[in-house]
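Down below is the structure, laid out as structure tokens.
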Amino acid sequence: MRAEASSRKAATEEILIILPSSQRICDNFLHVNMNLDLKAQLNILIGQINSRYGNLAQALDHFFLARTIYQQKQAHKKINELYILIAEAYYHQKDFETASYYYRQGLPAH
565 MRAEASSRKA ATEEILIILP SSQRICDNFL HVNMNLDLKA QLNILIGQIN SRYGNLAQAL
625 DHFFLARTIY QQKQAHKKIN ELYILIAEAY YHQKDFETAS YYYRQGLPAH
């Protein structure tokens, strides 16, 4: 049990070291001229990193930037998937009403 707990703690510490540098790399790439799909995916990745750190406002900023790109491209399936990430961020902020709204938005239309 102790070895397992120690191993988990070491893994968590390693992630906390790696994530900031990962975010810096992603932020730098956002300034590179790239196609819109990659830019949207990069914004989602940065949003997920921020969400993992508890920087939910920054996570939402990046998720909404990705949504804008997907709306321009009319990529409805990707927008639905993104709405689930947005809902989860609002849920972690304890904004359950907004989370519920985005969860519903993320459901596929039939």
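Each residue of the sequence shown is one higher than the one before, starting from 565 at the first, in this note's numbering.
Note that beta-carbon positions come from the ideal geometry of N, C-alpha and C, so glycine has one too.
All figures in this text were calculated on a predicted structure; none of them were measured in a lab.
Query: C-alpha gap between A653 and D625, whole angstroms; Result: 11 Å
Query: Where I608 falls, given that 16 or more other Cβ within 10 Å makes a residue buried; Result: buried
Query: DSSP-derived helix/strand/coil call for G618; Result: coil
Query: Rounded C-alpha distance that separates D659 from N599; Result: 33 Å
Query: Outcome for A621 when other beta-carbon atoms lying within 10 angstroms are tallied against a minimum of 16; Result: exposed
Query: Spatial neighbours of S615 in its chain, beta-carbon cut-off 6 Å, leaving aside the 5 residues before and after; Result: A623 and A653
Query: Residue nearest to P672 in terms of C-alpha spacing, selected from A604, L602, A639 and F627; Result: A639
Query: Beta-carbon proximity of F642 to Y634, cut-off 9 Å; Result: The sequence given here has Lys at residue 642, not Phe. Yes. Within cutoff.
Query: Contacts around G611, its chain only, beta-carbon distance under 6 Å, and the 5 residues preceding and following it disregarded; Result: A623, H626 and F627
Query: Three-state class that DSSP yields for N644 in the structure shown; Result: helix
Query: Bounding residues of the alpha helix (DSSP H) (the contiguous stretch that carries Q657); Result: Where Q657 is concerned, there is no enclosing alpha helix (DSSP H), given that its DSSP letter is neither H nor E.
Query: Sub-9 Å separation of N644 and G670 beta-carbons; Result: yes
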